[in-house]
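Chemist: Position 214 of the sequence shown, counting from 1, maps to 214 under full-length UniProt numbering, and the rest follow consecutively.
Take this structure first; my questions come after.
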Amino acid sequence: MGSRVEILNDGGYRSDGRRQFELRDITINLAQQGQADGSAVITHGLTQVLVSVFGPREAKMRSQTIHDRANINVEVNVAAFSTGERRKRSRGDKRILEIGSTIKSTFEPVVQTTLYPRSQIDVYITVLQQDGGLLQACINGTTLALTNAGIPMADFVCAVTGGVHSTSALLDLTTLEENDVPHVTVAMMPKTGKVALVTMETRLHVERFEEIFRLAGEAGKVLHKEMKKAVMGRTSTLVNAMGSRGSGVDRDGDEQMNEL
């Protein structure tokens with residue numbers, strides 16, 4: 001029995017006109033949002049999230065204080081208008097809690113928390129629109145917001161979702177595709193090649209998993225270039241606004257910026 005939705009047609013095109021391994025358009029806005037120390041609005045296709053970072057700052061509660069490092073607190077909120085679902089997802093929603101917990105565990109080993117003992121870093125994620133790849137958007141947005149806040153990290157964390165339709169691998173899935181095919185989200189650290197996260201929503205054959213894992217790693221490198229370009233552009237804008245001249249080093253630490 002065929003799929004009720006044509007995920008991939010005979011010409012090799014998906015329902016939104018992309019090829020198998022083609023990523024959706026990505027836009028990044030690192031402009032200041034309110035009183036946040038760092039923020040980012042990232043869009044993958046029709047999925048859009050706003051991430052705001054506050055801190056490092058003094059822990060609000062003694063129970064959350066860790067004497068030798070900073071505590072990372074993550075809260076996820078879904079805007080009521082972000083989805084066609086009738087029911088509103090609250091902060092206590094299981095899926096929302098899982099995303100928050102995943103973000104926290106993904107970034108705790110990456111952020112250099114030992115530089116800020118007895119403090120906390122608050123990460124607030126607001127889902128503005130969702131059409132698949134929500135976890136990848138939250139991870140990529142958090143990377144950008146933390147970097148924008150000047151919080152040291154071992155590397156960027158770049159995530160992408162992949163799945164398999166029949167025997168064909170797909171990257172950067174929409175909601176339509178996520179509902180129809182087994183899929184996995186992979187987060188990589190591009191400079192070191194280390195894996196920050198692998199989370200599987202459904203069962204996937206080991207051979208297909210290996211293919212998706214490899215393709216996700218390559219896609220992560222593409223996303224890394226876009227994310228780093230946005231960070232360097234934001235840095236240049238701030239330097240120009242301060243009237244400074246000269247060269248600087250990008251936040252990723254691996255490329256000299258041109259003289260402004």
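Note that the Cβ used here is the ideal one computed from N, Cα and C, for glycine as well.
Just so we're clear, the structure is a prediction, and the values are computed from it rather than from any experiment.
Going by DSSP, what residue range makes up the alpha helix (DSSP H) through Ile103?
Modeler: Run containing Ile103: Lys94 to Phe107, per the alpha helix (DSSP H) assignment.
Chemist: In the DSSP assignment, find the alpha helix (DSSP H) that holds Phe209 and state where it starts and stops.
Modeler: Element bounds for Phe209: Val206 to Ala241.
Chemist: The alpha helix (DSSP H) with Gln136 in it runs from where to where?
Modeler: Leu134 to Asn148 is the extent of the alpha helix (DSSP H) around Gln136.
Chemist: Let me know the secondary structure DSSP gives Thr113 once reduced to three states.
Modeler: It is helical.
Chemist: Near Val160, what residues of its chain come up, given a Cβ to Cβ distance below 7 Å and the 5 sequence neighbours on each side ignored?
Modeler: Closer than 7 Å at Cβ, skipping near neighbours: Gln136, Leu171, Asp172, Val186, Ala216, Ala219, Gly220 and Leu223.
Chemist: Can you tell which of Glu98, Ile72 and Tyr116 has its C-alpha closest to the C-alpha of Arg200?
Modeler: Here the sequence assigns Met to residue 200, which means Arg is not the residue at that position. The residue with the shortest Cα to Cα distance from Met200 is Glu98.
Chemist: Whose C-alpha, out of Pro152, Ser168, Leu23 and Ala241, is nearest the C-alpha of Gly12?
Modeler: The shortest Cα separation from Gly12 among Pro152, Ser168, Leu23 and Ala241 belongs to Ser168.
Chemist: With 16 as the cutoff for other CB atoms within 10 Å, does Phe81 come out buried or exposed?
Modeler: With fewer than 16 other Cβ atoms within 10 Å, it is exposed.
Chemist: Which full runs of the alpha helix (DSSP H) of 4+ residues lie inside the stretch 149 to 193, going along the chain?
Modeler: Listed in chain order, they are 175 to 178.
Chemist: Would you call the stretch 233 to 243 and the stretch 189 to 200 in contact, with 3 or more CB pairs under 8 Å?
Modeler: No contact exists between the stretch 233 to 243 and the stretch 189 to 200.
Chemist: In whole angstroms, what is the alpha-carbon distance linking residue 261 and Leu204?
Modeler: This structure does not reach residue 261, given that the chain is present from 1 up to 260, and the question cannot be answered.
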